[in-house]
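Protein sequence lines correspond, in order, to chains R and W.
Following the numbering used here, the numbering of the first sequence begins with 1 at its first residue and continues without gaps.
Following the numbering used here, the numbering of the second sequence begins with 1001 at its first residue and continues without gaps.
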Amino acid sequence: MDAVILENVTFNYLGAKEPALRNLNLRIKQGEIVGIFGPIGAGKTSLLRCLNGLIPYEFPGELKGRIIVDGLDVREHTINELVRHVGIVLSDPTAQIFSLSVFDDVSFGPLNMGLPPEKIEERVKWALKVTGLDGLEFRNPRELSGGQQQRLAIAGLLAMRPKILALDEPISMLDPIGKRSVLSAIQELRDKHGLTCIITESGTDLESVIGILDRVVLIDKGRVLLDDSPANAFTYNYEIFDKIGVGLPELVKIFAECIKQEENIHIPLTIDEAAELLEKFLEKFPVEYYRGKKEASKYASISREIQDNHIRRRPVISVRNLTFVYPNGVKALDNVNLDIYEGEMVGLIGQNGSGKTTLALNLVGVLKPTNPDAKIIVNGIDVVKSQVEDLCSHINYVFQNPDHQLFSKNVVEELSFGLKMKGLATSDIKERISEVLKTLDLEGHENDMIINLTKDLKTLVAIASLLVLKPKVLIVDEPTNGLDYQGAIHVMNVLSELRREGHTIIVIMHHMKLIAKYCDRVIVMKDGKILLDGPVHEVFMHEKELEEAALTPPPTVLLARKIKAIPDNVLTPEVVIPIIKEMMGEA
Amino acid sequence: MPVWLEYEFKDTPIHKLHPFTKFVILIVLSLLATFYFDPIYLLIIAAMGTTMFTIARVPKRWILPILPIVIYQFAQNLVFGVAQSNPSLYKVLPPEIAGKVLLSASIPFIGDIRLTVGGFLWAVSATFRIPIIILLTFTFLYTTSINDLIKTLWALRVPHQIIYIVTVAYKFIPDIYRAFSTTIIAQKLRGWNLRSKNPIVLVKRAAPAVIPLTRQTINYVDRVTVSALIRGFGAYSVRCPWKIKLSALDLTLVVLSILHFAVSMYFLIVYGKGLI
């Protein structure tokens, strides 16, 4: 039986020039897990909004076509009726959490349904159990990890017993272990309770999601481009994912570029499958390479180069004995010691609440250490004794959400704000702005209205607005959040370029793929302490410690570890692919 | 970390009280603070409020934002106090004391103005009641979880539209406070400061904080509305599943509070106790 039927659905938001959905047809069977993939603005969220009547009741516009959900025609039922049948989980779990204890929050939905207390309690207990949150009933949701918060949001909807669960980029804000826990909860809901699940994804988490999907639906500009099983979609139509900006899972990229041309195989989607296939495939090439990990030393030189650079360069940030305790007694940083060198691009990773942001705010002088013997020296300046305004030309911090920062009408006005506050002459302001616009590839956007900018451009404008102050060090918090793969790559390329120009970049993020691709050093934090610190490939070797910090290395690293012929220290498909091709060529 | 105006569970006697009891105490003391003009009576109410505030372990820093309001209100009330210089306005104070001039000045176009003892006491009491009511409200907010409050409101048959407003406000204030703090930090990192003696410049300089905050507030309201809708808020005609069950202590406090109010009002109306 079909749980969801969309027939010739076209929707145009009130006042929008282009329709968000165009003649869209889709059927989803009961108990299926379907991934709706597409870049930002493809129509994924609009599609989900159609399922529980948010479109057209809450988001007005012109809706054409037929939408049947759990046997109900959406046009003939109100949102209030439909929420019993379809639960929608938003990407930001905090937006959905209302209450201040886990139990209270899950009971919010059943409470609204007017159920008797004993029934509410029964449902809450069930929802917490199936989402693995039992035992946390009386915790404040704010104290939970990102993964637990998202599972709480799911539990809150499950307690209303919907038959369909629609999740809008549910893992985009989570650390790797958080992603895994949410996805396994979704899989269990389908397997044990027969729930139909629809998950949207815009690219950066493709590999995490595909493992649990029965079907992949690729949409762009409101149209369905592809509807197939994940194996078929990535074997026969992988080019289209890259073409529309969703990107490809790393394993697919490796197999598509190296092996697909040679053999007619189904592209594997899991590490184990991929390792087995690749190992078998490489046996055909009995070349020098295939005698163990001989060539590893070639790549290990990268690590030595970084260490040599540390000896040659001076630290631009030097932190000693940094401890920070919040007024409510929570120790967010515990005796942190750290040196960061000029021109490094450092990934700062760790679970939510591990102390990353607190460390960053201490580095920029917004928070001051709570122990008197702490020392923070940035670019030769004592941060502990300096005011924020005196530090902003040496070190600066780009917040996760550019909307916290941007307020002007257009890009030039936004960029000139900080310089005007510094009292610079108009000619200097103009010069600095044009310099930064050029560096960040924003030329041509000078007079664009801030409000109309896409999310990746907003992020770049937020970076630019600080870069005009010429800080030596830039800390960027989750710059790829809310972006599709193409947008994320654009932003990271710009940061990489800034590093090449001599800036020191510290990126706080959860995307291990991007850390592996762009950073040369990674610092792992846990419970306010530095757990690991070193070149990326060395840190990724410590799988056990990473697991403790709720992290996992990216798929390429895990694959390389299982293949005898590939050096352990490779990090990205861009490195693995030439190695494999070289082997094939030599044979 | 919980922020300003956010509930935090702590093992205190005030946290353990039923929201209904706390609500009754809040209303009784706030009403008495509104009716009283005698600073001594207000001091008694303030002592009760401060005791509750202390027992509930409400963070002391919560008080800081209300200080400028109190200072501003006192200045404003002193101006109004000047208009209360007629001794016949006072029911309890003897006219010779009420009319005793503390300060006098001659102002062009207005003429002579006088601040009398009566006017001064009026200004003090009109100002004093503000921190008392705020202190009591803060104690209530800090010690009452939203779900407990909702259950109580439902049990009291409050219309669900009003409950919705309360729910959103409870979530909204701390979240917006967080957004505001982040915006302030983000702008400070761009060299922003609000310092200026020129009020026009001051207003202009507030834009980097006000505009992002306004935009975020609008987005926030949208998101919360959608979140509430998908959690079925207001979806069903709710058969009130809760009844107010008060413990012996709660019941005693409710009865005592109501008695306190009734007796105080009797003495206030009949004998003018608490008036000046």
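Note that beta-carbon positions come from the ideal geometry of N, C-alpha and C, so glycine has one too.
Subject >> R:K125: first and last residue of the uninterrupted alpha helix (DSSP H) it sits in >> reply: Sequence index remark: in the first sequence, residue 125 of chain R carries index 125 (1-based). That run of the alpha helix (DSSP H) goes 117-130.
**OP:** Inspect the beta-carbon positions of W:V1117 and W:I1097 and report whether they are closer than 7 angstroms.
**Re:** Indexing the second sequence from 1 puts residue 1117 of chain W at position 117. Indexing the second sequence from 1 puts residue 1097 of chain W at position 97. The Cβ-Cβ distance between W:V1117 and W:I1097 falls below 7 angstroms.
Original post:
Where are the beta strand (DSSP E) runs, 3 residues long or more, that stay fully inside the stretch 1048-1112 of chain W, in chain order?
Top reply: As far as the stretch 1048-1112 of chain W is concerned, its whole beta strand (DSSP E) runs of at least 3 residues are 1101-1107.
Original post:
Roughly how many angstroms lie between the CA atoms of R:T504 and R:M541, to the nearest whole one?
Top reply: Within the first sequence, residue 504 of chain R is the residue found at index 504, counting from 1. Within the first sequence, residue 541 of chain R is the residue found at index 541, counting from 1. Roughly 25 angstroms separates the two Cα atoms.
**OP:** Can you give me the Cβ contacts of R:G444 inside the same chain, cut-off strictly under 6 angstroms, excluding the 5 residues immediately before and after it?
**Re:** Position 444 of the first sequence holds residue 444 of chain R. Result list for R:G444: empty, nothing under 6 angstroms.
Original post:
Should R:N396 be flagged as near chain W, meaning a C-beta pair shorter than 7 angstroms?
Top reply: Position 396 of the first sequence, counted from the start, is the residue given in the question as residue 396 of chain R. Look at R:N396: its C-beta is under 7 angstroms from a C-beta on chain W.
Original post:
So which residues on chain R does W:F1172 lean against when the C-beta distance must stay under 8 angstroms?
Top reply: Sequence index remark: in the second sequence, residue 1172 of chain W carries index 172 (1-based). Neighbours of W:F1172 on chain R: none; closest Cβ ~11 angstroms, over 8 angstroms.
**OP:** Evaluate R:L144 with the Cβ neighbour count: other Cβ atoms within 10 Å of its Cβ, from every protein chain shown; 16 or more gives buried, anything less gives exposed.
**Re:** In the first sequence, counting from the first residue as 1, residue 144 of chain R sits at position 144. Counting Cβ neighbours within 10 Å, R:L144 comes out buried, since at least 16 surround it.
Original post:
If you measure from the beta carbon of W:T1182 to each beta carbon in chain R, is any gap under 7 angstroms?
Top reply: One-based indexing of the second sequence puts residue 1182 of chain W at position 182. So, interface residue.
Original post:
Can you name the residues of chain W whose CB is closer than 7 angstroms to the CB of R:A127?
Top reply: Along the first sequence, read from residue 1 onward, the residue named residue 127 of chain R stands at position 127. Neighbours of R:A127 across chain W, judged by C-beta separation under 7 angstroms, do not exist; the nearest C-beta is about 12 angstroms away.
**OP:** Put R:T454 into one of helix, strand or coil per three-state DSSP.
**Re:** Against the first sequence, residue 454 of chain R aligns to sequence position 454. Note: R:T454 maps to coil in three-state DSSP.
Original post:
Roughly how many whole angstroms lie between the Cα atoms of R:S318 and R:M584?
Top reply: Indexing the first sequence from 1 puts residue 318 of chain R at position 318. Indexing the first sequence from 1 puts residue 584 of chain R at position 584. If I take the Cα positions, the gap works out to 47 angstroms.
**OP:** Taking C-beta pairs closer than 8 angstroms, name the residues in chain W that R:K422 reaches, listed in chain order.
**Re:** One-based indexing of the first sequence puts residue 422 of chain R at position 422. Result: G1191.
Original post:
Applying the criterion that 16 or more other CB atoms from any shown protein chain within 10 Å of the CB defines a buried residue, is R:M449 buried or exposed?
Top reply: The count along the first sequence starts at 1 and reaches residue 449 of chain R at position 449. So R:M449 ends up on the exposed side.
**OP:** Using a Cβ-Cβ cut-off of less than 8 angstroms, give me the residues of the stretch 58-69 of chain R that come near chain W, in sequence order.
**Re:** Identification of residues in the stretch 58-69 of chain R having a C-beta nearer than 8 angstroms to some C-beta of chain W yields E58, given in sequence order.
Original post:
Is the stretch 316-332 of chain R touching the stretch 482-500 of chain R, taking contact as three or more C-beta pairs under 8 angstroms?
Top reply: Inter-segment contact for the stretch 316-332 of chain R and the stretch 482-500 of chain R is absent: fewer than three beta-carbon pairs are separated by less than 8 angstroms.
Subject >> Same chain, Cβ closer than 7 angstroms to R:L174, neighbours up to 5 away in sequence not counted >> reply: Position 174 of the first sequence, counted from the start, is the residue given in the question as residue 174 of chain R. Excluding its 5 nearest sequence neighbours in each direction, R:L174 has C-beta neighbours in its own chain below 7 angstroms: G146, G147, Q150, V182, H510, listed in chain order.
**OP:** Count the other C-beta atoms from every protein chain shown that fall within 10 angstroms of the C-beta of R:D156, then say buried if there are 16 or more, exposed otherwise.
**Re:** For the purposes of this step, residue 156 of chain R is identified with residue 156 of the first sequence, where counting begins at 1. Asp is not the amino acid found at residue 156 of chain R; the sequence shown has Gly there. Result: buried.
**OP:** Pull out every residue of the stretch 84-101 of chain R whose Cβ sits closer than 9 angstroms to any Cβ of chain W, in chain order.
**Re:** Those would be R84, V86, G87, I88, V89, L90, D92, T94, A95, Q96, I97, F98, S99, L100, S101, in chain order.
Original post:
Are the C-beta atoms of R:H503 and some chain W residue less than 7 angstroms apart?
Top reply: The residue given as residue 503 of chain R occupies position 503 in the first sequence. Answer no: the Cβ-Cβ gap between R:H503 and chain W never drops below 7 angstroms.
**OP:** Examine the Cβ distances between the stretch 1161-1170 of chain W and the stretch 359-370 of chain R and report whether three or more of them are shorter than 8 angstroms.
**Re:** Taking 8 angstroms as the limit for Cβ pairs, the verdict is that the stretch 359-370 of chain R does not touch the stretch 1161-1170 of chain W.
Original post:
Along chain W, which residues have their Cβ under 8 angstroms away from the Cβ of R:L460?
Top reply: Here the question's residue 460 of chain R lines up with position 460 in the first sequence. Chain W residues near R:L460: none, gap ~16 angstroms exceeds 8 angstroms.
Original post:
Hey, R:I36 and R:G53: beta-carbon distance below 7 angstroms or not?
Top reply: As a position in the first sequence, residue 36 of chain R is number 36, starting the count at 1. As a position in the first sequence, residue 53 of chain R is number 53, starting the count at 1. No, they are not a contact pair.
Original post:
Does the separation of the CB atoms of R:T131 and R:K64 fall below 7 angstroms?
Top reply: The residue labelled residue 131 of chain R in the question sits at position 131 within the first sequence. The residue labelled residue 64 of chain R in the question sits at position 64 within the first sequence. Contact: no.
**OP:** Quick one: using the 10 Å Cβ neighbour count with 16 as the cut-off for buried, is R:K179 buried or exposed?
**Re:** Taking the first sequence and counting its residues from 1, one reaches residue 179 of chain R at position 179. When all chains shown are included, R:K179 counts as buried.
Subject >> R:R66 versus W:P1068: straight-line alpha-carbon distance, rounded >> reply: Within the first sequence, the letter at position 66 stands for residue 66 of chain R. Within the second sequence, the letter at position 68 stands for residue 1068 of chain W. In this structure, the straight-line span from the alpha carbon of R:R66 to that of W:P1068 is close to 58 angstroms.
**OP:** Please list the segments of the beta strand (DSSP E) lying wholly inside the stretch 494-521 of chain R, counting only runs of 3 or more residues, in order along the chain.
**Re:** Fully enclosed beta strand (DSSP E) runs of 3 or longer: 504-508.
Subject >> Partner residues on chain W for R:Q405, Cβ-Cβ distance less than 8 angstroms >> reply: Numbered from its first residue, the first sequence carries residue 405 of chain R at position 405. In chain order, T1183, A1186, Q1187, R1190, P1212 make up the part of chain W whose C-beta sits under 8 angstroms from the C-beta of R:Q405.
Original post:
Unbroken beta strand (DSSP E) runs of length 3 or more, entirely within the stretch 181-210 of chain R: which are they?
Top reply: Counting whole runs of 3 or more residues, the stretch 181-210 of chain R contains the beta strand (DSSP E) stretches 196-201.
**OP:** Would you mind reading off the limits of the alpha helix (DSSP H) that contains R:M345?
**Re:** The residue labelled residue 345 of chain R in the question sits at position 345 within the first sequence. For R:M345, no alpha helix (DSSP H) encloses it; the enclosing beta strand (DSSP E) starts and ends at 345-350.
Subject >> Residue(s) in a DSSP beta bridge with R:S465 >> reply: Taking the first sequence and counting its residues from 1, the one referred to as residue 465 of chain R is at position 465. DSSP output for R:S465 lists no bridge partner at all.
Original post:
Which class does W:Y1220 belong to by DSSP, given the choice of helix, strand or coil?
Top reply: For the purposes of this step, residue 1220 of chain W is taken as residue 220 along the second sequence, with counting starting at 1. W:Y1220 sits in a helix when the DSSP states are folded into three classes.
Subject >> Three-way DSSP call (helix, strand, coil) for R:N379 in this model >> reply: The residue labelled residue 379 of chain R in the question sits at position 379 within the first sequence. For R:N379, the three-state secondary structure derived from DSSP is coil.
**OP:** Starting from R:N52, find everything on chain W with Cβ-Cβ shorter than 9 angstroms and list it in chain order.
**Re:** Locating residue 52 of chain R in the first sequence gives position 52, where the first residue counts as 1. Here the neighbours are L1229, I1230.
Subject >> Cβ contact (3+ pairs, closer than 8 angstroms) linking the stretch 108-119 of chain R and the stretch 156-170 of chain R >> reply: Short answer: they touch.
Subject >> DSSP three-state assignment for W:R1205, whether helix, strand or coil >> reply: If you number the second sequence from 1, residue 1205 of chain W lands on position 205. DSSP places W:R1205 in helix when its eight states are reduced to three.
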